[in-house]
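To start, the structure under review is shown below, and the notes come after it.
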Amino acid sequence: MAGAVARVIAIMPDGQELRASLYERRRTPTGWEYRVGVTIWGTGSGGRPEPAEHRVWLKAAQVRPLEGGDYSNVPTRITSPAAGQPAWTVQQLPHRPGHPGATLIHVIGCQPGGIPIDLDQALDALRHPRAVTCHECNAASSLP
5 MAGAVARVIA IMPDGQELRA SLYERRRTPT GWEYRVGVTI WGTGSGGRPE
55 PAEHRVWLKA AQVRPLEGGD YSNVPTRITS PAAGQPAWTV QQLPHRPGHP
105 GATLIHVIGC QPGGIPIDLD QALDALRHPR AVTCHECNAA SSLP
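Quick note on numbering: the working numbering labels position 65 of the sequence shown as 69, and the sequence is numbered without any gaps.
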């Protein structure tokens with residue numbers, strides 16, 4: 005659905021958290037970036053204060069979804085990494101009683117602390133049992 009918008013929290017450099025609208029997202033070789041709009045107040049016609057939206061690209065660490073937020077309909081662009089360049093991360097989910105361990109493949113920047121891997125490593129990891137791609141960052145769409 006083109007033009008879908010999701011509501012998010014934008015985290016300002018001073019730690020302040022503002023409600024914002026997410027208009028698009030893109031995955032670059034260095035991680036996810038989000039184009040958000042934040043409402044600010046400015047001087048309008050006649051000198052009266054009026055709300056205006058300011059749109060800016062923010063890094064993944066500066067944006068988080070509101071509870072129940074869904075990015076699935078937000079326009080998403082994925083840029084191709086250079087050959088051999090890490091563009092994904094692998095996360096090992098530990099075995100717990102009643103839940104076998106698993107391997108989760110993310111687009112780089114989705115999961116902090118993941119181990120960076122390149123395309124060949126990502127495809128190899130997905131050949132193992134209980135290995136899946138992350139639904140939040142839609143890692144499957146970035147793999148051939």
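Beta carbons are placed, not taken as given, at the ideal position from N, Cα and C, and that holds for glycine.
Bear in mind that the values here come from a model prediction, so they are computed numbers and not experimental data.
A contact between stretches requires three or more CB pairs, one per stretch, nearer than 8 angstroms, and the segment 96-111 meets this requirement with the segment 135-145.
By the neighbour-count criterion, in which a residue is buried when 16 or more other Cβ atoms sit within 10 angstroms of its Cβ, A91 is buried. Annotated as distal: R11 and E28, with beta-carbon spacing of 7 angstroms or more.
With a beta-carbon spacing of about 21 angstroms, T80 and P120 fall beyond the 8 angstroms limit used to define contacts. E54 is classed as exposed because its beta carbon has fewer than 16 other beta carbons within 10 Å across all chains shown. Pairwise C-beta distances place the segment 56-68 in contact with the segment 10-26, as three or more of them are shorter than 8 angstroms.
Taking a 10 Å sphere around the C-beta of E37, we find 16 or more other C-beta atoms and assign the residue as buried. Spanning the alpha carbons of G102 and W61 requires a straight line of approximately 41 angstroms. Shown here for G72: not one same chain residue has a beta carbon closer than 6 angstroms to its own, the five before and five after excluded.
Pairing G113 with Q95 gives a Cβ-Cβ distance that is not under 7 angstroms.
Judged by their CB atoms, T47 and E57 are not nearer to each other than the 7 angstroms cut-off. Spanning the alpha carbons of L123 and L147 requires a straight line of approximately 8 angstroms. Sixteen is the threshold: when 16 or more other Cβ atoms of the shown chains lie within 10 Å of the Cβ of Q115, as they do, the residue is buried. Straight-line measurement puts the Cα of R100 at about 22 angstroms from the Cα of R131.
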